[in-house]
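Student: For the sequence shown, the residue numbers in my numbering are 140 to 431.
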Amino acid sequence: MESRINGHTRLFALIGSPVGHSGSPAMHNYSFARRGIDAAYLAFDVPEERTADAVEALRTLHAGGFNVTMPCKTQTARLVDRLSPAAELIGACNTVVMEEDGTLTGHNTDGIGFVRNLKEHGVEVKGQRIVILGTGGAATAITVQAALDGAAQIAIFNRRGGSYSNGEKTVEKIRRAVPDISRVYIEDIHNRDALRAAIAGSDLLVNATSLGMCPMEDRTPVPAEYLHPGLAVADVVYNPRETRLLREAKEAGCRAAVDGTGMLLWQGAEAFRLFTGQEMPAEEVRERFFAE
Ligand code: NAP
140 MESRINGHTR LFALIGSPVG HSGSPAMHNY SFARRGIDAA YLAFDVPEER TADAVEALRT
200 LHAGGFNVTM PCKTQTARLV DRLSPAAELI GACNTVVMEE DGTLTGHNTD GIGFVRNLKE
260 HGVEVKGQRI VILGTGGAAT AITVQAALDG AAQIAIFNRR GGSYSNGEKT VEKIRRAVPD
320 ISRVYIEDIH NRDALRAAIA GSDLLVNATS LGMCPMEDRT PVPAEYLHPG LAVADVVYNP
380 RETRLLREAK EAGCRAAVDG TGMLLWQGAE AFRLFTGQEM PAEEVRERFF AE
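So this is what it looks like as structure tokens:
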């Protein structure tokens with residue numbers, strides 16, 4: 140690594156807190172080396188209230204770009220010069236690119252990564268009826284991207300309170316920005332009749348809540364009897380890799396059961412493409428950093 144660094148090496152970064160556990164530095168530095176790109180990627184622990192300072196510092200240092208993780212994603216979207224259509228709708232960005240003229244463009248690759256990972260598992264979004272559980276950061280990115288990518292119908296479920304109002308805003312934004320979508324609505328996840336009926340009439344179920352994540356791995360957001368063979372099930376949770384929801388989806392004969400690790404890989408691959416204009420060696424990265 141040290142032998143690659145010289146007076147021209149371009150800085151890329153991750154900001155947010157915590158960042159110590161992040162796989163992004165390893166994934167990007169490996170890919171820079173494999174692609175012969177003179178760049179280095181470092182993670183910086185930045186609390187939310189220092190987001191503006193960090194963005195300004197990276198601007199001053201003329202970094203090539205940076206990723207943003209919680210809790211800095213929303214603030215960053217307000218600080219950059221331009222936003223991609225998806226980042227604008229989501230109201231948060233996880234990838235910022237320094238353009239040639241020094242302007243900062245914010246993107247959100249979480250939804251793109253999620254959809255790409257589905258595609259890798261033979262599951263399409265276009266024309267599909269989708270139930271999305273959750274109204275937090277990951278859920279919003281996925282909901283917006285699914286709408287932009289031509290989902291026929293999206294039903295969002297979350298418990299009332301918490302981020303529910305965020306989901307209501309997402310519904311309104313999608314209705315305005317994607318008028319072709321035949322139906323998008325939000326409902327209380329505790330309304331079991333509505334949830335059961337929505338899943339029965341859907342092609343794809345997405346868990347974008349943290350239910351099922353360690354230490355809640357014994358929990359699932361949906362009773363197993365709601366699952367059916369016509370349904371593909373995807374979970375954003377990647378710890379554990381196989382959540383209770385995915386285990387029960389396999390037992391119910393669901394047509395696909397997709398875990399959250401691929402979303403991590405493909406959101407990073409999309410960021411790499413935006414940073415460098417080149418493809419990340421995704422298969423090598425998967426084998427090296429995401430093998431079971
Ligand atoms: P977030 O913004 O805090 O949203 C959390 C969501 O989970 C909200 O909808 C929340 O509902 C719901 N939730 C939390 N605890 C719950 C419970 N006990 N019962 C019912 N609902 C509950 O978090 P996030 O950033 O979206 O992350 C959500 C999950 O996605 C995490 O497990 C995270 O690791 C994962 N993730 C994965 C990737 C990937 O690349 N695979 C990327 C980003 C995130 P309330 O608003 O009602 O609390």
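For each residue, glycine too, the CB sits at the ideal point set by N, CA and C.
All values reported here derive from a predicted model rather than from experimental measurement.
Kindly indicate which three-state DSSP category H246 falls into: helix, strand or coil?
Tutor: The answer is strand: DSSP assigns H246 an E or B state.
Student: I'd like to know whether the C-beta atoms of D357 and R380 end up nearer to each other than 8 Å.
Tutor: No, Cβ-Cβ distance for D357 and R380 is not below 8 Å.
Student: Helix, strand or coil for M166? Go by DSSP, reduced to three states.
Tutor: If DSSP states are grouped into helix, strand and coil, M166 belongs with the helices.
Student: Grouping DSSP H, G and I as helix and E and B as strand, with all else coil, what is E263?
Tutor: If DSSP states are grouped into helix, strand and coil, E263 belongs with coil.
Student: Between the stretch 243-262 and the stretch 366-379, do three or more beta carbon pairs fall short of 8 Å?
Tutor: Touching, yes, given that three or more Cβ pairs across the two stretches are closer than 8 Å.
Student: Quick one: using the 10 Å Cβ neighbour count with 16 as the cut-off for buried, is N145 buried or exposed?
Tutor: Exposed, because fewer than 16 other Cβ atoms sit within 10 Å of the Cβ of N145.
Student: Would you check whether ligand 1 has a heavy atom nearer than 7 Å to the C-beta of V270?
Tutor: Answer for V270: no, Cβ out of range of ligand 1.
Student: To test your reading of the DSSP string, which unbroken beta strand (DSSP E) runs of 3 or more residues are found completely within the stretch 278-347?
Tutor: With a minimum length of 3 residues, the continuous beta strand (DSSP E) runs that stay inside the stretch 278-347 are 292-297, 322-327, 343-346.
Student: Is R84 buried or exposed, if buried means 16 or more other CB atoms sit within 10 Å of its CB?
Tutor: Only positions 140 to 431 of the chain appear in this structure, which leaves residue 84 out of reach.
Student: By the DSSP assignment, the alpha helix (DSSP H) with F411 in it spans what residues?
Tutor: Taken as a continuous stretch (DSSP letters only), the alpha helix (DSSP H) holding F411 covers 400-415.
Student: Ignore the nearest five residues each way along the sequence and tell me which others in A231's own chain have a CB closer than 7 Å to its CB.
Tutor: Excluding residues within five positions, the ones whose Cβ falls inside 7 Å are K212, T213, A216, N247, G276.
Student: Considering only the beta carbon of each residue, do L243 and V207 sit closer than 8 Å?
Tutor: Contact flag unset, no.
Student: What's the gap between the Cα of A179 and the Cα of E187?
Tutor: Approximately 24 Å between the Cα atoms of the pair.
Student: Pull up the CB-CB distance for I229 and A347, whole angstroms please, since I reckon it's below 8 Å.
Tutor: Actually they do not touch by this definition, with Cβ atoms about 13 Å apart.
Student: Please state whether the Cβ-Cβ distance between G351 and L384 is less than 8 Å.
Tutor: In this structure, L384 lies closer than 8 Å to G351 by Cβ.
Student: Locate the beta strand (DSSP E) running through V158, then write down its first and last residues.
Tutor: Looking at the DSSP string, V158 is not in any beta strand (DSSP E), and its letter there is neither H nor E.
Student: Looking only at C-alpha atoms, which of L181, L334, T382 sits nearest to C353?
Tutor: Among L181, L334, T382, the Cα nearest to that of C353 is on T382.
Student: Is there contact between the stretch 387-402 and the stretch 144-158, where contact requires at least three CB pairs shorter than 8 Å?
Tutor: No, because fewer than three Cβ pairs between the stretch 387-402 and the stretch 144-158 fall closer than 8 Å, the two stretches do not touch.
Student: On the DSSP bridge assignment, give the partners of F205 in chain order.
Tutor: BP columns for F205 point to A152, V235.
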